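Some notes on the structure that comes next.
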Amino acid sequence: MINTLLLFPVIAGILMLIVRKRFFDNLILNIYAIMHIVISSILVFGKDVQTSIPYFAADNTNKIFLLVLSFVFLMVTIYNNGYSKNLPSFGVKIKNTKFCLYWFMTLAFVWAMTGTILSTDLGIAWVLVEATTLSSAYLIFFNRTKNAIEAAWKYVFICSIGIALAFVGIIFLNISSGDINSLNYAILYQNAVNFDPFWLKLAFVFMVFGFGAKMGLAPVHFWLPDAHSESPSPISALLSATLLNSAFLVIVRVFKIVTIAQCDSYARTILFVMGFISLFVTAVFVYHIKNYKRMLAYSSIENMGILAIGTALGGFAYYAVILHLIGHSLAKASFFLTSGNILELFETKRIKSVKGLLKADKKTGWMWIASFLAICAFPTSLLFISEFLMIKTMIAEKHYFLCTLFVLLLTIVLYGIGRVVVGMTFGEKSEDKAETINKNQSKVTISMYIPQIIMLLLVFILGVYIPDSLNNIIKLAVFGF
Amino acid sequence: MENMANGFIILFGLTMLYLSTTSRIISHVRLLIAQGVLLFLISCGSFEHTTGLNIAFLAIETLLVKSIIIPWFLFKVIKKTNSVRDVAPNIPHFYCLVISSVILLAGFLASNYWISSLKMIAPVYFGVSVATIIISLWLITIKHNILSNVIEFITMENGIFLLSLSVSKEMPMLVNLGVLLDVFIAVYILGLFVNVINKEFKDLEVSHLSDLKDYEYND
Chain A
1 MINTLLLFPV IAGILMLIVR KRFFDNLILN IYAIMHIVIS SILVFGKDVQ TSIPYFAADN
61 TNKIFLLVLS FVFLMVTIYN NGYSKNLPSF GVKIKNTKFC LYWFMTLAFV WAMTGTILST
121 DLGIAWVLVE ATTLSSAYLI FFNRTKNAIE AAWKYVFICS IGIALAFVGI IFLNISSGDI
181 NSLNYAILYQ NAVNFDPFWL KLAFVFMVFG FGAKMGLAPV HFWLPDAHSE SPSPISALLS
241 ATLLNSAFLV IVRVFKIVTI AQCDSYARTI LFVMGFISLF VTAVFVYHIK NYKRMLAYSS
301 IENMGILAIG TALGGFAYYA VILHLIGHSL AKASFFLTSG NILELFETKR IKSVKGLLKA
361 DKKTGWMWIA SFLAICAFPT SLLFISEFLM IKTMIAEKHY FLCTLFVLLL TIVLYGIGRV
421 VVGMTFGEKS EDKAETINKN QSKVTISMYI PQIIMLLLVF ILGVYIPDSL NNIIKLAVFG
481 F
Chain B
482 MENMANGFII LFGLTMLYLS TTSRIISHVR LLIAQGVLLF LISCGSFEHT TGLNIAFLAI
542 ETLLVKSIII PWFLFKVIKK TNSVRDVAPN IPHFYCLVIS SVILLAGFLA SNYWISSLKM
602 IAPVYFGVSV ATIIISLWLI TIKHNILSNV IEFITMENGI FLLSLSVSKE MPMLVNLGVL
662 LDVFIAVYIL GLFVNVINKE FKDLEVSHLS DLKDYEYND
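From first to last, the protein sequence lines are chains A and B.
When the letters of the first sequence are read in order and numbered with the working numbering, they come out as residues 1 to 481.
When the letters of the second sequence are read in order and numbered with the working numbering, they come out as residues 482 to 700.
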C-alpha cells in the first residue's frame with residue numbers, strides 16, 4: 001500500500017518528463033489524486049492492512065494528517081482541471097514544455113509531503129521536508145513575474161536556512177540521546193526518559209524554529225505571506241492546507257520526545273510564546289493589508305499559532321488541535337481556491353479593486369462569504385468547536401489572562417478579515433471592471449466551484465456531527481502528542 | 482592524527498575570517514574549495530572508527546560535491562552573471578573581521594567551558610562549527626549581493642557538516658545521503674534563481690527583492 005503511494009509518483013514523474021503533454025500530465029495527477037485518497041482511506045479505516053514498510057508507516061498519529069492531505073489534494077486536483085486551462089492566457093507566455101513542469105512539480109510536492117507525513121524516522125522526515133521546499137519553489141515562481149521571483153527566492157532561502165538549523169537540532173538530539181544511534185521515533189520515544197535534558201532542550205529550540213519556519217509560526221514566518229500570495233491559487237491552497245500540517249506533524253513528534261523526557265514545561269512555554277506572537281502579528285498586519293491573498297496567508301499564520309497554543313495547553317486541547325487542523329485545512333483550501341476564482345474574474349489581487357462580487361458572480365460571492373464564516377469559527381463550523389474547546393481548556397486551567405488575550409486577538413483578526421470580505425462581496429461592481437469580468441466569466445468553469453462547495457459543506461457538517469470512525473482516528477491521534 | 486585534525490579545524494575557522502574580509506566573489510568560491518578539502522582532511526581523522534562505505538561517502542561528499550561540483554557550478558553562475566565583487570556591505574571589512582574573530586573566540590571559549598564535562602563531543606570541532614554557523618548567518622544579514630548570500634549558505638552547511646563530525650556517533654547513512662542531495666539541489670535551485678534574478682533585475686543587488694510589502698500593493 002505505502003509502497004504504491006510512494007513509488008507511483010516516481011515512475012509517473014519519469015513518464016511525465018518523457019511524454020511532456022499537458023493532457024497526459026493532468027491525467028496522471030488526477031489518477032494519483034484518486035489513488036491517494038483510496039489508499040489513504042484503506043490505510044486509515046481498513047482492517048488487517050499492512051501499514052508499515054521500512055522507514056515509512058501509517059501509525060495512529062499520522063493517519064489523520066494523511067487523510068487530510070489526500071482529501072485536500074483531491075479537491076485541489078479537481079479545481080486544477082478547470083484552472084489550468086486558463087493559465088497561459090494569464091498575461092504570461094509560457095512554453096508548453098515548461099508548462100508541463102507545473103504538474104510534474106505538483107506531483108513531486110505532494111509526494112514529498114506524503115513521505116514527510118508517513119516517515120517514521122526524524123532524519124528521513126527532515127530530508128523530505130526540505131524536498132517539499134525545493135519542489136514547491138518552482139510552483140511559487142510559476143508566474144515568472146518580478147514579484148514571483150522575489151517570493152520564490154525568499155521562500156527557498158529562508159526555508160533552507162530554517163531547515164538547516166533544524167538539522168543542527170537533530171544533531172543536538174543525537175548528542176542528547178547518548179548511546180542510542182537511531183532517529184526512529186519509536187526508539188526515541190522508548191529511550192527518551194534517559195536523554196540528557198540540556199541537549200534535548202537545545203535540540204527542541206532549534207527544531208521548533210527550523211520546522212516552525214516551514215509551518216509558518218511567527219517570528220519565523222516571513223516567507224509565508226509572499227509565497228502564498230504569489231503562487232497560483234491551487235498551489236496556495238496546497239501550501240496552506242497541507243504543507244503547514246506536514247511541518248506541524250514533525251514538531252508534534254519532537255514535542256512527544258520532549259514530553260516523555262519530562263522537559264515539556266519548557267517546550268510548552270516556547271510554543272505558547274510563538275503561538276501568541278503569530279496571533280499578534282496577524283492581528284497587527286491584517287488591518288492594513290492591500291492584497292486579499294496576502295490576507296488569507298496571514299490568516300494561515302494565525303491558525304498555525306492557534307495549533308501551537310493548543311499543543312502548549314495540552315490535555316483536552318490536543319483533541320481541539322486535531323479538530324482545528326482538519327477544519328482549517330478544509331476551510332482555508334476553500335478560501336484560497338475561491339480567491340483563485342476572484343483573481344480569474346477581476347484579474348487583480350488588490351482589495352480595493354474588487355467590489356460587488358455577488359453581482360459579478362453569485363456562486364463565487366457566496367463561497368467567499370461561506371469560507372470566511374468557516375475560517376472565523378462561525379457556528380457550526382468545525383473551527384468553532386475547536387476554538388471553543390481551547391478556550392474552555394484555558395479557563396479550566398485558570399489561564400484567565402491568556403484566555404482574554406486569545407479571544408481579543410482572534411476578535412481583532414476576525415474584524416480585519418470580515419471588513420475586507422464584506423467590502424469585496426457586497427455593493428455594486430465597479431464600472432471599469434465590468435468589461436473584464438464579462439470577458440472572464442467563461443473562464444470560471446464548474447470544476448472551480450465543486451471542490452469549495454464540498455469542503456465547506458464538510459466543515460459545517462463536521463461541526464455538528466463527526467462520524468464514529470473519524471472520531472476514533474482523531475482520538476488515537478491525540479495520543480501522538 | 483588527532484593534532485593534525487585539530488590544526489585543520491583551526492585552519493577551517495580561519496577561512497571564515499578570510500570570508501568576512503574579502504569582497505571578491507571569485508575568492509569566496511576558491512575558499513569554498515579550500516573548505517571542502519579541509520573537511521575531507523578533518524574527516525580522515527575519524528576514519529578509523531568507520532566502515533568502508535562511510536569513508537567512500539565522506540570522500541564523495543567533501544571532495545567531489547563540496548570542492549568540485551558546487552564551486553564549478555558557482556563559477557559558471559559568476560561568469561554568466563558577470564558579478565565580480567560584492568560592493569559596499571553594511572559594515573566595513575575591518576569591523577567584519579573584528580566581529581568574526583570575536584565570534585570565533587567565543588566559540589572556542591564556550592565549547593571549552595561547557596563541553597569538557599561531556600564525553601560525546603570534541604570541543605575544538607564543536608567551537609569552530611558553531612562559530613562557523615553563526616558567522617555565516619551574520620554575514621548573510623550584512624551582505625548585499627545574493628550570490629554571496631548563497632556562498633554563505635554553503636559555508637553554513639559546511640559548519641553543520643563539521644558539527645555532525647563533532648559527535649562521535651554516526652548519522653544513519655540514508656539520512657546523510659538525503660542531506661547531501663537536498664543541499665546540492667538547494668544550491669542548484671538558488672543558482673538558477675541567481676541567473677533569473679540577474680536577467681530580470683539587471684544585477685544581483687539584494688535590495689531589489691523588497692517589493693512585496695504588507696502596506697503597499699504591487700501587482
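Beta carbons: idealized from backbone N, C-alpha and C, even for Gly.
Bear in mind that the values here come from a model prediction, so they are computed numbers and not experimental data.
Checklist entry - Taking the C-alpha atoms as reference points, what is the distance between F248(A) and A125(A)? => result In the first sequence, counting from the first residue as 1, residue 248(A) sits at position 248. In the first sequence, counting from the first residue as 1, residue 125(A) sits at position 125. So the alpha carbons of these two residues sit roughly 12 Å apart.
Item to check | Span separating the alpha-carbon of A151(A) from that of D226(A) | outcome: Residue numbering aside, residue 151(A) sits at position 151 when the first sequence is read from its first letter. Residue numbering aside, residue 226(A) sits at position 226 when the first sequence is read from its first letter. CA-CA distance, A151(A) to D226(A), rounds to 5 Å.
Item to check | Beta-carbon spacing of V459(A), G327(A) below 7 Å | outcome: Counting from one through the first sequence, the residue named residue 459(A) turns up at place 459. Counting from one through the first sequence, the residue named residue 327(A) turns up at place 327. Yes; because the gap between Cβ atoms is below 7 Å, this pair is in contact.
Checklist entry - Hey, which unbroken runs of the alpha helix (DSSP H) at 4 residues or more fall wholly within the segment 101 to 189 of chain A? => result The segment 101 to 189 of chain A contains these whole alpha helix (DSSP H) runs: 122 to 140, 146 to 176.
Next on the checklist: For T133(A) and I171(A), which I take to be in contact (beta-carbon distance under 8 Å), what is that distance rounded to the nearest angstrom?
Outcome noted: Taking the first residue of the first sequence as 1, we reach residue 133(A) at position 133. Taking the first residue of the first sequence as 1, we reach residue 171(A) at position 171. T133(A) to I171(A), Cβ: 20 Å. No contact.
Next on the checklist: Taking DSSP's pairing of strands, which residues face S52(A) in a bridge?
Outcome noted: For the purposes of this step, residue 52(A) is taken as the residue at position 52 of the first sequence. DSSP output for S52(A) lists A57(A) as bridge partner(s).
Next on the checklist: On the CB-based measure, 16 or more other CB atoms within 10 Å of its CB, does I490(B) come out buried or exposed?
Outcome noted: Locating residue 490(B) in the second sequence gives position 9, counting from the first residue. So I490(B) counts as buried.
Next on the checklist: So the candidates are S617(B), W619(B), R566(B), L590(B); which of them puts its Cα closest to the Cα of Y606(B)?
Outcome noted: Taking the first residue of the second sequence as position 1, residue 606(B) is located at position 125. Distance from the Cα of Y606(B) is smallest, within the candidate group S617(B), W619(B), R566(B), L590(B), for L590(B).
Item to check | Enclosing alpha helix (DSSP H) for Q452(A) [first to last residue] | outcome: Walking along the first sequence from the start, residue 452(A) turns up at place 452. Its alpha helix (DSSP H) spans residues 450 to 462.
Checklist entry - Excluding five sequence neighbours on each side, which residues of the same chain lie with their C-beta closer than 6 Å to the C-beta of A148(A)? => result Position 148 of the first sequence, counted from the first residue, corresponds to residue 148(A). Same-chain partners within the cutoff: F141, E230.
Checklist entry - Can you tell which of F167(A), I175(A), H36(A) has its C-alpha closest to the C-alpha of F206(A)? => result Start at 1 with the first residue of the first sequence, and residue 206(A) comes out as number 206. Its Cα nearest to that of F206(A), the residue F167(A) stands out among F167(A), I175(A), H36(A).
Item to check | Cβ contact check for the segment 444 to 459 of chain A and the segment 336 to 344 of chain A: 3 or more pairs under 8 Å | outcome: Counting Cβ pairs under 8 Å, three or more are found: they touch.
Checklist entry - Taking only beta-carbon atoms, is V354(A) less than 7 Å away from chain B? => result Within the first sequence, the letter at position 354 stands for residue 354(A). V354(A) does not count as touching chain B.
Checklist entry - Is it the case that the Cβ atoms of L244(A) and M215(A) are separated by a distance below 7 Å? => result Sequence index remark: in the first sequence, residue 244(A) carries index 244 (1-based). Sequence index remark: in the first sequence, residue 215(A) carries index 215 (1-based). Closer than 7 Å, so yes.
Item to check | Chain-ordered residues of the segment 139 to 158 of chain A with a beta carbon less than 9 Å from chain B | outcome: Close to chain B, meaning a Cβ-Cβ distance shorter than 9 Å, are the following residues of the segment 139 to 158 of chain A: F141, R144, T145, K146, N147, I149, E150, A151, A152, W153, K154, V156, F157.
Checklist entry - Is A331(A) buried or exposed, if buried means 16 or more other CB atoms sit within 10 Å of its CB? => result As a working note, residue 331(A) is residue 331 in the first sequence. Flag for A331(A) reads buried.
Next on the checklist: Less than 7 Å between the beta carbons of I117(A) and F45(A), yes or no?
Outcome noted: Residue 117(A) sits at position 117 when you count from the first residue of the first sequence. Residue 45(A) sits at position 45 when you count from the first residue of the first sequence. In this structure, F45(A) does not lie closer than 7 Å to I117(A) by Cβ.
Checklist entry - In its own chain, which residues sit with a C-beta less than 6 Å from the C-beta of N80(A), not counting the 5 before and 5 after it? => result Here residue 80(A) refers to the residue found at position 80 of the first sequence. The beta carbon of N80(A) lies closer than 6 Å to those of P234 in the same chain, with the five residues before and after it left out.
Checklist entry - So, do the segment 279 to 299 of chain A and the segment 680 to 700 of chain B have three or more beta carbon pairs nearer to each other than 8 Å? => result Yes, they touch.
Next on the checklist: Taking CB distances under 7 Å as the criterion, tell me whether E633(B) reaches chain A.
Outcome noted: Locating residue 633(B) in the second sequence gives position 152, counting from the first residue. Chain A, which has no Cβ nearer than 7 Å to the Cβ of E633(B), makes this no.
Next on the checklist: Within a Cβ cutoff of 7 Å, which residues of the same chain sit near I53(A), ignoring the five residues on either side of it in sequence?
Outcome noted: Translated into the one-based positions of the first sequence, residue 53(A) becomes position 53. Taking C-beta separations shorter than 7 Å and ignoring five residues to either side along the sequence, the partners of I53(A) in its chain run I2, N3, following chain order.
Checklist entry - On the three-pair Cβ rule with 8 Å, is the segment 347 to 362 of chain A touching the segment 391 to 405 of chain A? => result Under the Cβ criterion (8 Å, minimum of three pairs), the segment 347 to 362 of chain A does not count as touching the segment 391 to 405 of chain A.
Checklist entry - Using the C-alpha atoms, what's the distance from E130(A) back to F538(B)? => result What you label residue 538(B) is simply residue 57 of the second sequence in a count that begins at 1. What you label residue 130(A) is simply residue 130 of the first sequence in a count that begins at 1. In a straight line, the C-alpha of F538(B) is about 21 Å away from that of E130(A).
Next on the checklist: Which residue wins for smallest C-alpha separation from S647(B), given the options L544(B), S610(B), R566(B)?
Outcome noted: The residue you call residue 647(B) lines up with position 166 of the second sequence. Checking every option, the nearest Cα to that of S647(B) belongs to S610(B).
Item to check | Helix, strand or coil at R505(B) [DSSP, three-state] | outcome: Taking the second sequence and counting its residues from 1, one reaches residue 505(B) at position 24. The answer is strand: DSSP assigns R505(B) an E or B state.
Checklist entry - Where does V565(B) sit, in a helix, a strand or coil, going by DSSP? => result Taking the second sequence and counting its residues from 1, one reaches residue 565(B) at position 84. In the three-state reduction of the DSSP assignment, V565(B) falls in the coil class, being assigned neither a helical nor a strand state.
Item to check | Residue from M424(A), L389(A), F426(A), A377(A) with nearest C-alpha to L410(A) | outcome: By 1-based counting over the first sequence, the position of residue 410(A) is 410. Of all alpha-carbon atoms in M424(A), L389(A), F426(A), A377(A), the one lying nearest the alpha-carbon of L410(A) is that of A377(A).
Next on the checklist: Within the continuous alpha helix (DSSP H) that includes A317(A), where are the two ends?
Outcome noted: Taking the first residue of the first sequence as position 1, residue 317(A) is located at position 317. Its alpha helix (DSSP H) spans residues 317 to 346.
Next on the checklist: Let me make sure I understand the geometry here. Which of F71(A), L202(A), F56(A) has the alpha-carbon closest to that of S547(A)?
Outcome noted: This structure gives no information on residue 547(A), because the portion of chain A shown stretches from 1 to 481.
Next on the checklist: Taking the alpha helix (DSSP H) that Y79(A) belongs to, which residues open and close that run?
Outcome noted: Within the first sequence, numbered from 1, the residue matching residue 79(A) stands at position 79. Unbroken alpha helix (DSSP H) run through Y79(A): 63 to 86.
Item to check | Contact set between the segment 667 to 685 of chain B and chain A, restricted to residues whose Cβ is under 7 Å from the partner | outcome: For the segment 667 to 685 of chain B, which is checked against every Cβ of chain A, the residues closer than 7 Å are A667, I670, L671, F674, V677, I678, E681.
Item to check | Contacts that M485(B) makes with chain A (C-beta to C-beta distance below 7 Å) | outcome: Working through the second sequence from its first residue, we reach residue 485(B) at position 4. By Cβ distance, chain A contributes nothing, its closest Cβ being about 24 Å from M485(B), past 7 Å.
Item to check | Exposure of A186(A), with buried meaning 16 or more beta-carbon neighbours within 10 Å | outcome: For the purposes of this step, residue 186(A) is taken as the residue at position 186 of the first sequence. Classification for A186(A): exposed.
Item to check | Cβ-based neighbour list, A612(B), same chain, cut-off 6 Å, excluding 5 preceding and 5 following | outcome: Taking the second sequence and counting its residues from 1, one reaches residue 612(B) at position 131. Annotation for A612(B): I584, L585, G588 place their beta carbon closer than 6 Å to its own, counting only its chain and skipping 5 residues before and after.
Checklist entry - If you draw a straight line from the alpha carbon of F90(A) to that of E387(A), how long is it in whole angstroms? => result Here residue 90(A) refers to the residue found at position 90 when the first sequence is read from its first residue. Here residue 387(A) refers to the residue found at position 387 when the first sequence is read from its first residue. Caution is warranted here: a pLDDT of 43 is assigned to F90(A), below 50, making its placement in the model unreliable, and no coordinate value can be reported.
Next on the checklist: Which residue marks the beginning of the alpha helix (DSSP H) containing F248(A), and which one marks its end?
Outcome noted: For this step, residue 248(A) is matched to residue 248 along the first sequence. Start and end: 244 to 260.
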